[in-house]
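Protein chains in written order, with the UniProt record's numbering: chain Y, 1 to 297; chain U, 1 to 443. Report on the structure given below.
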């Protein structure tokens with residue numbers, strides 16, 4: 001039976017219109033209202049607001065804290081991408097290739113942080129880093145490295161690097177599962193053939209596993225970048241509040257501070273626009289660099 | 001203008017209700033509140049929405065007052081919006097011009113200054129001029145600290161009289177023979193002694209919220225050194241105020257504390273509860289907080305711990321301690337739907353009876369003069385001691401600030417202050433950075 005054009009259009013509309021309406025309400029509307037408020041001087045706590053044109057954008061350019069927040073965000077992006085990907089690939093390969101008997105148990109253990117709320121993770125690690133009672137300093141003291149102890153989250157130089165560890169720890173599980181899925185799909189015959197040809201484990205990893213799971217790695221990297229740029233706010237807000245002296249503020253936490261602590265909602269919206277533009281640019285650039293022919297053997 | 005608290009007649013005024021009666025003041029007996037100072041809004045009906053922040057003072061006092069008010073006006077439906085995050089939760093109501101009727105402004109996410117600037121609070125001038133206490137005396141004569149005026153009009157009534165100061169463990173100090181400081185020199189000596197004998201960093205504050213040190217230690221220090229004039233010019237961010245010689249002198253004292261290693265080395269990481277916990281565990285000996293400290297930490301306080309309070313001892317030898325009161329106001333929304341009931345509630349709350357019960361419930365003071373706490377067994381000892389000390393004009397001078405510092409100035413100043421406390425910058429660098437923040441704020 002041949003579908004009439006009208007029927008086809010009706011079916012398409014049936015599929016697309018509800019989705020588009022939801023997309024418009026929950027994505028487009030907030031996006032454009034954020035853009036709209038960035039042109040206003042608005043405290044965010046009353047109905048009074050004043051149109052000020054591009055003043056918020058001028059302020060954004062001259063704000064000395066903004067470049068710091070951008071750097072902090074990209075510091076977290078870079079360290080998280082490397083930290084999470086290296087460990088996730090390592091664990092995924094170990095759990096699939098090394099034929100460990102307890103593999104299912106380790107899968108659960110590594111995935112566990114992913115089912116915990118980021119807020120809980122932040123609070124947990126705040127205790128771990130506690131200068132006097134925390135596990136890190138106590139551990140260092142126990143092994144005789146007293147001189148290495150420091151108030152990790154309260155030190156202007158160490159606070160930001162200290163945030164990397166919980167972020168990586170919390171992120172590994174999901175990407176490990178994603179990669180396990182990819183590796184499981186690689187046909188065993190490739191490895192057998194490679195073994196007959198005399199390739200060692202290391203060569204098998206570089207020549208077979210890595211090229212064949214590249215699509216999963218690419219998606220993982222993009223996902224880490226996007227979630228870090230949009231979501232590192234939570235861990236910063238919980239663990240340091242952006243301090244000491246702005247040394248851990250990321251764009252999102254600075255947005256929150258401006259909009260909800262200093263009552264500059266309009267300026268906060270401007271920072272939001274900046275985050276959107278930077279995230280888009282970053283993803284476009286990454287797509288370009290990670291373009292790689294799909295490998296098939 | 002300096003205000004002599006004693007002259008307001010706080011001491012030995014009013015009627016002291018027996019401790020036993022108040023201790024037994026359960027909800028069943030709340031009908032005893034006679035509401036004699038109510039505005040006589042008989043038959044008042046409709047809905048009255050009350051928003052109040054629940055922090056260190058808890059909410060038991062609010063429950064009592066609202067319960068009594070409900071009994072007084074049974075036809076009124078009272079809706080309470082309360083909790084530690086209530087300011088955030090109610091924000092959308094305020095933004096959409098559908099606010100609650102009465103609001104107690106306190107805690108994170110609330111700003112009286114911002115609300116007045118945004119025109120969200122009703123003019124209460126006429127209301128307060130007509131208000132009277134139980135004995136018929138005008139309310140305006142009976143505030144410990146008078147309401148703030150904006151262009152001559154009153155938009156909020158200061159309900160809670162709080163003040164920041166420096167806390168120590170009285171029992172521990174007595175048993176160890178540590179000295180309770182009386183001025184900056186003796187403060188330094190005492191901290192040096194404690195550092196040596198107890199082997200701890202003697203002073204702690206929250207590095208995540210540097211305004212604890214700003215409001216708790218620096219405000220009194222600025223007031224003691226330069227009076228209300230200096231304090232006001234710093235809070236307003238006036239040109240040259242932060243780089244003035246007097247300000248630098250005060251900051252040099254902080255620098256001395258840093259150089260001597262008296263600040264807790266981990267304070268940068270601590271939020272306010274963690275810093276207070278360290279204090280309770282004797283990891284530190286002094287912490288600057290407001291009157292709410294004992295109530296806030298009640299569940300974590302060791303049994304033998306005895307709270308002692310002094311105004312932060314930053315003044316030079318031979319000078320009075322300085323106190324800068326911190327007031328938490330009650331206000332009516334400009335767009336309140338039930339203004340009549342809101343006004344009746346505000347009148348109902350401001351009484352000596354509830355002022356006394358406030359001290360019992362919270363361990364802090366309500367901003368009503370003529371309330372005698374000295375004989376009340378339900379009022380904690382530290383509050384009586386502090387009360388007595390604050391009222392001793394030979395020892396303590398009270399300074400008022402014009403209004404709270406705007407978050408737009410307090411945030412960058414606090415950040416720079418933390419750098420100074422961590423030893424990452426000098427007093428000179430701090431005042432320059434604070435002046436730059438003030439200049440940015442003025443724009």
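Glycine is no exception: its CB is placed at the ideal position from the N, C-alpha and C atoms. Because the structure is a prediction, the values reported are computed rather than measured.
Could you check where the beta strand (DSSP E) with residue 40 (chain Y) kicks off and where it finishes?
-> Run containing residue 40 (chain Y): 40 to 42, per the beta strand (DSSP E) assignment.
Residue 91 (chain Y) CB to nearest chain U CB: under 8 Å?
-> For residue 91 (chain Y), the nearest beta carbon of chain U is not closer than 8 Å to its own beta carbon.
Is it true that the CB of residue 191 (chain Y) sits closer than 8 Å to the CB of residue 208 (chain Y)?
-> Residue 208 (chain Y) places its beta carbon less than 8 Å from that of residue 191 (chain Y).
Which listed residue (U:309, U:378 and U:316) has its alpha carbon closest to that of residue 163 (chain U) | Looking only at U:309, U:378 and U:316, the smallest Cα-Cα distance to residue 163 (chain U) is reached by U:309.
Please compile the residues from chain Y whose C-beta is within a distance smaller than 8 Å of the C-beta of residue 419 (chain U).
-> Chain Y residues near residue 419 (chain U): 156, 244 and 245.
Of all Cβ atoms in chain Y, is any one closer than 8 Å to the Cβ of residue 205 (chain U)?
-> Put simply, the CB of residue 205 (chain U) is far from chain Y, with every gap to its CB atoms at 8 Å or more.
What residue range is occupied by the uninterrupted alpha helix (DSSP H) comprising residue 91 (chain Y)?
-> Per DSSP, the unbroken alpha helix (DSSP H) holding residue 91 (chain Y) starts and ends at 65 to 97.
Kindly provide the ranges of any alpha helix (DSSP H) runs that are 4 or more residues long and lie completely inside the segment 306 to 363 of chain U, ordered along the chain.
-> Counting only runs of 4 or more, we get 339 to 349 and 352 to 362.
How do the segment 123 to 138 of chain U and the segment 268 to 281 of chain U stand: do at least 3 beta-carbon pairs fall below 8 Å, yes or no?
-> By the Cβ criterion, the segment 123 to 138 of chain U is not in contact with the segment 268 to 281 of chain U, since fewer than three pairs of Cβ atoms, one from each stretch, lie closer than 8 Å.
Hey, how far is the Cα of residue 282 (chain Y) from the Cα of residue 77 (chain U)?
-> In a straight line, the C-alpha of residue 282 (chain Y) is about 55 Å away from that of residue 77 (chain U).
Residues bridged to residue 166 (chain U) by DSSP?
-> Answer by DSSP bridge pairing, in chain order: U:288 and U:310.
Beta-carbon separation of residue 322 (chain U) and residue 399 (chain U) under 8 Å?
-> With respect to the 8 Å criterion, residue 322 (chain U) and residue 399 (chain U) are classified as neighbours on the basis of their beta carbons.
With a threshold of 16 other CB atoms inside 10 Å of the CB of residue 73 (chain U), please say whether the residue is buried or exposed.
-> Residue 73 (chain U) comes out buried.
The ligand HEM heavy atoms versus the CB of residue 267 (chain U): any closer than 7 Å?
-> The ligand HEM is not part of this structure, which contains no ligands at all.
Please list, in chain order, all residues of the same chain as residue 100 (chain U) whose beta carbon is under 8 Å from its beta carbon, the five residues on each side excluded.
-> Hits under 8 Å: 49, 50, 51, 79, 81, 90, 93, 333 and 336.
The alpha helix (DSSP H) enclosing residue 133 (chain U), as first and last residue numbers | Going by DSSP, residue 133 (chain U) is part of no alpha helix (DSSP H) at all; its letter is neither H nor E.
Give a yes or no on whether the minimum CB-CB distance between residue 479 (chain U) and chain Y is below 8 Å.
-> It is not possible to answer for residue 479 (chain U), since the shown part of chain U is limited to 1 through 443.
With a 10 Å radius around its C-beta and 16 neighbouring C-beta atoms as the bar for buried, classify residue 61 (chain Y) as buried or exposed.
-> Of the other Cβ atoms in all chains shown, fewer than 16 fall within 10 Å of the Cβ of residue 61 (chain Y); this residue is therefore exposed.
In three-state DSSP terms, what is residue 110 (chain Y)?
-> Here residue 110 (chain Y) carries a helix assignment [DSSP, helix/strand/coil].
Near-chain U residues of the segment 261 to 282 of chain Y - C-beta to any C-beta below 8 Å | Listed by position, the residues of the segment 261 to 282 of chain Y near chain U (Cβ gap below 8 Å) are 261, 262, 263 and 264.
Evaluate the contact criterion for the segment 394 to 411 of chain U versus the segment 107 to 121 of chain U: three or more CB pairs, one atom per stretch, below 8 Å.
-> A contact is defined here as three or more CB-CB pairs under 8 Å, and the segment 394 to 411 of chain U meets this definition with respect to the segment 107 to 121 of chain U.
Can you tell which of U:55, U:63 and U:419 has its C-alpha closest to the C-alpha of residue 254 (chain U)?
-> It is U:419.
Three-state secondary structure assigned by DSSP to residue 149 (chain Y) = The answer is coil: DSSP assigns residue 149 (chain Y) none of H, G, I, E or B.
Would you mind stating whether residue 182 (chain U) and residue 380 (chain U) have Cβ atoms separated by less than 8 Å?
-> Result no, Cβ atoms of residue 182 (chain U) and residue 380 (chain U) do not sit closer than 8 Å.
Proximity below 8 Å, CB of residue 106 (chain U) to CB of residue 161 (chain U) | The answer is no: Cβ separation not under 8 Å.
C-beta atoms of residue 367 (chain U) and residue 210 (chain U) nearer than 8 Å = In this structure, residue 210 (chain U) does not lie closer than 8 Å to residue 367 (chain U) by Cβ.
Among U:127, U:44 and U:98, the one whose alpha carbon lies nearest that of residue 47 (chain Y) = Comparing Cα positions, the closest option is U:98.
Run down chain Y in chain order and give the residues with a C-beta less than 9 Å from the C-beta of residue 371 (chain U).
-> For residue 371 (chain U), no chain Y residue has a Cβ inside 9 Å of its Cβ, as the nearest lies near 34 Å away.
Helix, strand or coil: which one does DSSP assign to residue 261 (chain Y)?
-> In the structure shown, residue 261 (chain Y) falls within a helical segment according to DSSP collapsed to helix, strand and coil.
C-beta neighbour in chain U for residue 47 (chain Y), strict 8 Å = Cβ-Cβ to chain U under 8 Å: yes for residue 47 (chain Y).
Give the interface partners of residue 117 (chain Y) over in chain U, defined as CB-CB distance under 9 Å, in chain order.
-> Chain U residues near residue 117 (chain Y): none, gap ~17 Å exceeds 9 Å.
Could you tell me whether any Cβ in chain U is nearer than 8 Å to the Cβ of residue 3 (chain Y)?
-> Chain U contact via Cβ: absent.
Residue(s) in a DSSP beta bridge with residue 158 (chain U) = For residue 158 (chain U), which the question treats as bridged, DSSP gives the partners U:329.
Per-residue DSSP class, three states only, for residue 326 (chain Y) = The structure shown does not extend to residue 326 (chain Y), since chain Y is modelled only from 1 to 297, so the question has no answer here.
Through-space distance from residue 256 (chain Y) to residue 235 (chain Y), alpha-carbon basis | Cα-Cα distance, rounded: 13 Å.
Can you find at least 3 beta carbon pairs, one from the segment 169 to 189 of chain Y and one from the segment 95 to 111 of chain Y, that sit closer than 8 Å?
-> Judged by Cβ distances under 8 Å, the segment 169 to 189 of chain Y makes contact with the segment 95 to 111 of chain Y, as three or more pairs qualify.
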